[in-house]
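In UniProt numbering, the protein residues as written are 1 to 106.
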């Protein structure tokens, strides 16, 4: 599964659970380096989720690491999602589900 296929699949799952895509980086060359790929909101659950999508082998660039850590340190729900994480992603996308967390090595 490519990163783009994975991203589209997650968008569908999120929409089915009441999340709205609040932001998507259409052209990363025109955005701040490292800003997460997408931001989702769930007004009823009062949650906002910043997500960086990667393939199972994809690497996090230093600029991405900086933004993700900053957002998480500010108390915002932040994640790096890969296809292998799908079971946990499904739980997180449940409005009452657990908050997303960055991997320990980030």
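Glycine included, C-beta positions come from ideal geometry on N, C-alpha and C.
This one's a predicted model, so the numbers in the text were calculated from it and none came from an experiment.
Below 8 angstroms on the Cβ atoms is my contact criterion, and I expect residue i with residue j to pass it. Report the Cβ-Cβ distance as a whole number of Å.
i           : j          : result
residue 110 : residue 42 : One cannot answer for residue 110 here, as it falls past the ends of the chain, which runs 1 to 106.
Strictly by DSSP, which residues pair up with residue i?
i          : result
residue 41 : 20 and 48
Should residue i be counted as a contact of the ligand HEM given a C-beta to heavy atom distance under 8 angstroms?
i          : result
residue 87 : Absence of the ligand HEM from the depicted structure is noted, as is the absence of any ligand whatsoever, leaving it without description.
Does the Cβ of residue i have 16 or more other Cβ atoms within 10 Å, making it buried, or fewer, making it exposed?
i           : result
residue 93  : buried
residue 109 : In this structure the chain extends from 1 to 106, so residue 109 is not present and cannot be described.
residue 12  : exposed
residue 36  : buried
residue 68  : buried
residue 57  : exposed
For a cutoff of 9 angstroms on Cβ pairs, would you count residue i as touching chain B?
i          : result
residue 85 : In summary, chain B is missing from the structure at hand, where a single protein chain is found.
Can you list, in chain order, the residues of its chain whose CB lies under 7 angstroms from that of residue i, leaving out five sequence neighbours each side?
i          : result
residue 66 : 34
residue 89 : 10 and 81
Note down, in chain order, each residue of its chain lying with its Cβ closer than 8 angstroms to the Cβ of residue i, except the 5 sequence neighbours on either side.
i          : result
residue 91 : 97 and 98
Give every residue of the same chain whose Cβ lies closer than 6 angstroms to the Cβ of residue i, excluding the five residues on either side of it in the sequence, and list them in chain order.
i          : result
residue 39 : 22, 23 and 50
What would DSSP say about residue i, mapped onto helix, strand or coil?
i          : result
residue 96 : coil
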